[in-house]
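Residue numbers (UniProt numbering): 1 to 204.
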C-alpha cells in the first residue's frame with residue numbers, strides 16, 4: 001500500500017521540518033546518495049512531532065525550499081529589498097550561515113552535488129502530488145531561463161558596484177568643486193561689501 005503524502009502543512013509544521021533539516025544537513029552533505037538519511041528524518045519527524053511525512057516528501061519539500069531560497073536570495077542580492085518569504089531566514093541560516101567551510105564557493109557550486117543526489121526517482125511506495133510536480137517544473141523553467149545571468153552574477157555585481165562607486169566619486173568631486181566655487185564667490189562679495197562700507201565711512 002502506498003504512503004499518502006500530506007496535502008497541506010501549516011507554517012509551524014514547515015518550520016519544524018526546516019529545523020530537522022538543519023540537524024541533518026552535515027549528514028546530507030557527507031553522502032552522495034542519501035536515501036537512508038531521509039528515511040531517518042522521516043522517522044525522527046514522526047517520533048518528535050507525531051507528524052507523518054514520507055522520506056520522499058521530505059526530500060521534495062527540501063528541494064523546493066532550496067530552489068525558492070535560491071530565487072529569493074538572487075532578488076535580495078540584486079537590491080530588490082528584503083525577502084518577504086516567511087522561511088527565508090531559517091533556510092539562510094542552514095545554507096549560508098551554517099556552511100563556514102564553503103563561504104569561498106558560490107551558492108550553486110556548494111549544493112550542486114546534493115541537488116543531483118536529491119533529484120533521483122522516488123522509492124517504490126512513495127508518490128508526489130500533482131501541484132508539487134507542477135511547481136517543480138515551473139521552477140526548473142525559471143532556473144533554465146535565468147542560467148546565463150546566474151553564471152555571471154558575481155562578475156555583474158562587481159561591475160555594477162564599481163560603476164556606482166565611480167559615479168559617487170564624480171558626484172562628490174563635483175559637490176566639493178561647487179562648494180569651493182561658492183565659497184570663493186561669497187568671499188568676493190564680502191570683500192566688495194567691505195569696500196563699500198569703507199567708502200561710505202570715508203565719505204561720512
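Glycine is no exception: its CB is placed at the ideal position from the N, C-alpha and C atoms. Owing to the predicted nature of the structure, the values given are computational and were not obtained by experimental measurement.
Listed in chain order, the non-local C-beta contacts of residue 177 below 7 Å within the same chain number zero, local neighbours out to five positions each way being set aside.
In terms of CA proximity to residue 52, 8 leads the group 196, 28, 88 and 8.
Three or more beta-carbon pairs drawn from the stretch 19–26 and the stretch 39–53 are found closer than 8 Å, and the two stretches are therefore classed as touching. One thing to note: residue 24 has its Cβ within 9 Å of the Cβ of residue 37. The Cβ atoms of residue 55 and residue 35 lie closer than 9 Å to each other.
In its chain, beyond the 5 residues on either side, 37 have a beta carbon closer than 6 Å to the beta carbon of residue 27. When secondary structure is reduced to three states using DSSP, residue 8 falls in the coil class, being assigned neither helix nor strand. Around the Cβ of residue 58, a 10 Å sphere holds 16 or more other Cβ atoms; the residue is buried.
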